[in-house]
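Residue numbers (numbering that gives the first Met the number 0), protein chains in the order written: chain A, 0 to 240; chain B, 0 to 240. Note that CB positions come from ideal geometry on N, CA and C, so glycine has one too.
Protein chains: 2
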Amino acid sequence: MPANEKPTASVWTRPRRPQRDQLTCEHIVAAAVELLDSEGIEALSMRKLGSRLNAAATSLYRHVANKDELIQLAVDDVFGELEPPAGAERPQWRATVTRIAADLRAMTLRHPWIAPELGQIGLVHIGPNAMRVSSGLLAQFEAAGFPADEKDRAAGTLTAYVIGIAASEAAYLSAIARSGKTEQEWVAGLRPASGEAPQRHSRPREGDPVQRDAHPQQIRDDDFFYGLDRVLDGLAARLDT
Amino acid sequence: MPANEKPTASVWTRPRRPQRDQLTCEHIVAAAVELLDSEGIEALSMRKLGSRLNAAATSLYRHVANKDELIQLAVDDVFGELEPPAGAERPQWRATVTRIAADLRAMTLRHPWIAPELGQIGLVHIGPNAMRVSSGLLAQFEAAGFPADEKDRAAGTLTAYVIGIAASEAAYLSAIARSGKTEQEWVAGLRPASGEAPQRHSRPREGDPVQRDAHPQQIRDDDFFYGLDRVLDGLAARLDT
DNA sequence: CGCAAGATGCGTACGGTGTGCGCTACAATC
DNA sequence: GATTGTAGCGCACACCGTACGCATCTTGCG
């Protein structure tokens with residue numbers, strides 16, 4: 000037996016490639032999103048991702064040009080969770096835009112790692128899913144009655160607000176997640192040390208103390224929709240001229 | 000005099016520590032900002048930064064806990080460029096807030112690497128300089144007449160917009176800078192391939208064709224102030240009740 | 001059916017990263 | 001002058017992204 004072990008080895012000991020599930024680009028991106036969601040962006044390495052797929056790190060490069068491209072693909076993949084608006088009719092434009100904005104925020108909070116990327120991409124290397132959302136939004140502003148040379152500025156204003164506030168929220172939630180506490184514990188533990196830090200999400204609210212302590216995420220929701228309404232108020236005012 | 004020259008070697012040949020400028024935390028942060036400005040965030044490494052200061056990489060750790068903290072310090076350092084508003088008087092609140100917003104945007108465009116950090120910090124680990132700006136802004140909204148439980152939401156809305164749009168602009172400018180072209184060349188080279196990408200900064204504008212080609216950065220300015228005015232319109236409307 | 005050609009995965013290796021550890025050499029104090 | 005704290009450094013470790021070439025599998029064609 001040891002005789003022929005050198006050139007070929009037995010059929011049984013020979014390292015058969017273990018049956019694997021085909022390692023496609025879609026699988027890789029899906030696994031990347033999963034890893035990003037569960038461990039954050041700084042924990043994403045090609046080796047770790049490969050081992051999650053029962054593959055070597057370098058195998059991924061057969062399907063993905065490099066890590067940056069992989070992240071771009073992951074970003075566009077989660078944009079696929081959003082459903083672009085169905086139609087564009089003038090009377091409901093504000094309700095529809097509000098829904099899109101809320102969805103975009105919710106998507107960002109589900110995948111907090113996406114926030115810095117959103118800024119970094121800046122809609123320059125925009126993918127197909129993101130583009131569907133983007134042009135759906137544009138169509139809403141067009142239907143609302145904004146002139147052609149203004150509708151993109153209006154849409155840009157809205158998305159800037161949403162991305163800005165969602166990024167801030169995402170960072171806050173990521174910090175909490177890293178600490179291992181719940182949002183309420185975190186806020187409570189922060190309050191005594193506070194007073195020197197009048198930041199947005201940890202400030203003592205003058206309002207109802209029950210709500211203040213019990214539902215910090217309700218406060219975040221209120222903050223988001225407050226600002227969203229103001230932005231839309233300001234935009235809507237342009238249509239009354 | 001030669002008596003106490005030590006047994007080891009001559010004073011001249013002995014490896015005197017080359018006179019260095021004292022390697023303080025401030026120097027390190029200043030050099031980091033310089034490096035970040037000139038080469039971007041992915042080019043910042045402790046070794047490269049050390050060599051710029053004629054020091055070993057590990058020497059920096061005497062003054063700075065780790066790379067993340069260094070970046071936070073760098074962020075707060077550039078916030079020092081902003082001057083907080085002097086007073087807070089009701090009639091000029093809008094003009095003052097506009098100035099702060101424009102300054103914040105200009106700061107971000109001077110240091111494009113800061114944009115993703117701004118989102119990531121989310122005003123959680125806010126430094127003293129950033130806090131000065133933040134509370135100065137809050138004071139403006141208070142003076143404007145916003146009730147106590149609303150002024151922080153108003154300020155949050157404004158900063159979300161500014162950070163959101165500035166991050167997008169910064170990413171766009173960084174992409175151009177990496178390409179080595181000027182903004183006009185870049186936009187011109189993009190137009191023929193465009194049509195499938197209705198993104199904000201590269202869209203063909205229906206307006207004056209001269210301005211369209213000649214001053215893309217004027218377009219960016221217009222876009223910024225358009226959105227800023229809408230946001231402030233929406234906020235100001237809350238004061239008329 | 002046999003064989004050539006291409007696609008796919010992987011082992012190895014290279015140059016880079018952040019940073020912990022313990023040593024040296026200087027500064028200031030007693 | 002002796003002591004003690006400390007700034008800086010060299011080394012080392014574990015990890016990273018990824019280029020390259022080889023082994024293997026799949027597929028199309030004669």
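| Asked | Found |
| --- | --- |
| Check whether the Cβ atoms of Pro83 of chain A and Arg131 of chain A lie closer than 8 angstroms to each other. | yes |
| Between the beta-carbon of Pro111 of chain B and the beta-carbon of Ala169 of chain B, is there less than 8 angstroms? | yes |
| Under 9 angstroms between beta-carbons, which chain A residues line up against Ile162 of chain B? List them in chain order, please. | Gly118, Ala159, Ile162, Gly163, Ile164, Ala166, Ser167 |
| Would you list, in sequence order, the uninterrupted alpha helix (DSSP H) runs of no fewer than 4 residues that lie entirely inside the region 72 to 111 of chain A? | 92 to 109 |
| Could you spell out where the alpha helix (DSSP H) holding Pro215 of chain B opens and where it closes? | 215 to 236 |
| Give the interface partners of Pro83 of chain A over in chain B, defined as CB-CB distance under 8 angstroms, in chain order. | The premise fails here: Pro83 of chain A is roughly 14 angstroms from chain B at the closest Cβ pair, so nothing lies under 8 angstroms. |
| Determine whether the Cβ of Arg93 of chain A lies closer than 8 angstroms to any Cβ atom of chain B. | no |
| Can you pull the chain B neighbours of Thr156 of chain A, defined as C-beta to C-beta under 8 angstroms? | Tyr160, Ile164, Tyr225, Gly226, Arg229, Val230 |
| If you count every other CB in all the chains shown that lies within 10 Å of the CB of Gly179 of chain A, and 16 or more means buried, which is it? | exposed |
| Run through chain A and tell me which residues come within less than 9 angstroms of Gly135 of chain B, C-beta to C-beta. | The premise fails here: Gly135 of chain B is roughly 11 angstroms from chain A at the closest Cβ pair, so nothing lies under 9 angstroms. |
| According to the Cβ coordinates, are Leu103 of chain B and Ala55 of chain B closer than 8 angstroms? | no |
| Report the residue from A:Gln21, A:Tyr225, A:Leu81 whose alpha carbon sits nearest the alpha carbon of Leu59 of chain A. | A:Gln21 |
| Does the beta-carbon of Gln139 of chain A have 16 or more other beta-carbons within 10 angstroms, so that it is buried, or is it exposed? | buried |
| Hey, Ala87 of chain B and Glu149 of chain B: beta-carbon distance below 8 angstroms or not? | no |
| If the cut is a Cβ gap below 9 angstroms, which residues of chain B does Arg152 of chain A touch? | Arg199, Asp221, Asp222, Tyr225, Gly226, Arg229 |
| Apart from the five residues on each side of it in sequence, which residues of its chain come closer than 7 angstroms, Cβ to Cβ, to Gly144 of chain B? | Arg89, Leu238 |
| Using only CA atoms, which one of A:Asn128, A:Ser50, A:Leu157 lies nearest to Leu227 of chain B? | A:Leu157 |
| Judging by CA-CA distance, which residue of A:Lys66, A:Leu231, A:His26, A:Tyr171 is the nearest neighbour of Met45 of chain A? | A:Lys66 |
| Let me check understanding here. Comparing Cα to Cα, which of B:Glu68, B:Ser50, B:Val77, B:Ala64 lies closest to Ile113 of chain B? | B:Val77 |
| Mind reading off the beta-carbon distance from Gly79 of chain A to Ser167 of chain B? Whole number of angstroms is fine, and I expect it under 8 angstroms. | Gly79 of chain A to Ser167 of chain B, Cβ: 21 angstroms. No contact. |
| Mind pulling the chain B residues with CB within less than 8 angstroms of Gly233 of chain A? | Asp228, Arg229, Val230, Leu231, Asp232, Gly233, Leu234, Ala236 |
| Can you have a look at Gln71 of chain B and say buried or exposed, based on whether 16 or more other CB atoms are within 10 angstroms of its CB? | buried |
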